[in-house]
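Residue numbers (full-length UniProt numbering): 1 to 201. All C-beta atoms in this analysis are idealised placements derived from N, C-alpha and C, irrespective of residue type, glycine included. Comments concern the structure below.
Here you go:
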């Protein structure tokens, strides 16, 4: 066997080893891709489920808070109406007892108390409106979390496409090595043909 044929055999052996290594790499990448896809899908589905449960619970809590705030506002409004009625009554009584200083002072004191109660009632209503705005902001933040989750899902799909591109490159490299292997087989046949003719002679 000539040195060129021996060299060809060595090259072919190395190429076969390279092909095996590439196939092993490809199998490993396939396994990694499948595992990554499974983890990504499972994690995303779990996160979606947890987030949906959390959003539903938060919506329920915020809705309950909102209902309580509305009830509190209604109660304050009723109190304000009662205070207005009392004030009207005081005004009428003041007109009736203008000459009675004792009753006039007492009525004026009651009127000041009504003013203080009305101011406090307005403060409570303002606080209720502020809390309602905070509840609405919380609901808005929940909706923004859905957008964040959608962006994560897009990133996972992008990674998936990159893995597919890598697999395509490995497949093309494997095809090129097979073509080279076929070319070396043809050259080996050409090299061995003269040697057989010499032996026959």
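(Q) Output needed for residue 184: all residues of its chain with C-beta closer than 8 Å, excluding positions within five of it in sequence on either side, in chain order. (A) For this step, residue 184 is matched to residue 184 along the chain shown. Hits under 8 Å: 8, 11, 12 and 15.
Q: Find out if the Cβ-Cβ distance for the pair residue 20, residue 170 is shorter than 8 Å.
A: If you number the chain shown from 1, residue 20 lands on position 20. If you number the chain shown from 1, residue 170 lands on position 170. Contact: no.
Q: Whole angstroms is fine: what's the gap from residue 35's alpha carbon to residue 45's?
A: Locating residue 35 in the chain shown gives position 35, counting from the first residue. Locating residue 45 in the chain shown gives position 45, counting from the first residue. Near 15 Å, if we compare the C-alpha coordinates of residue 45 and residue 35.
**Q.** Rounded separation between residue 110 and residue 62 - CA only
**A.** Within the chain shown, the letter at position 110 stands for residue 110. Within the chain shown, the letter at position 62 stands for residue 62. Residue 110 and residue 62: Cα-Cα distance of roughly 39 Å.
Q: Measure the C-alpha to C-alpha separation of residue 118 and residue 83 and round it to an integer number of angstroms.
A: Within the chain shown, numbered from 1, the residue matching residue 118 stands at position 118. Within the chain shown, numbered from 1, the residue matching residue 83 stands at position 83. Rounded to whole angstroms, residue 118 to residue 83 spans 7 Å at the Cα level.
Q | Integer Cβ distance of residue 29 from residue 167, believed to fall under 8 Å | A | Indexing the chain shown from 1 puts residue 29 at position 29. Indexing the chain shown from 1 puts residue 167 at position 167. Their Cβ separation, rounded to whole angstroms, is 6 Å, which keeps residue 29 and residue 167 in contact under 8 Å.
Q: Please name the residue in 122, 126 and 87 whose C-alpha comes closest to that of residue 108.
A: The residue given as residue 108 occupies position 108 in the chain shown. Ranking the options by Cα distance to residue 108, first place goes to 87.
Q.
I'd like to know whether the C-beta atoms of residue 76 and residue 114 end up nearer to each other than 8 Å.
A. The sequence position of residue 76 within the chain shown is 76, counting from 1. The sequence position of residue 114 within the chain shown is 114, counting from 1. Cβ distance not < 8 Å, so residue 76 and residue 114 don't count as in contact.
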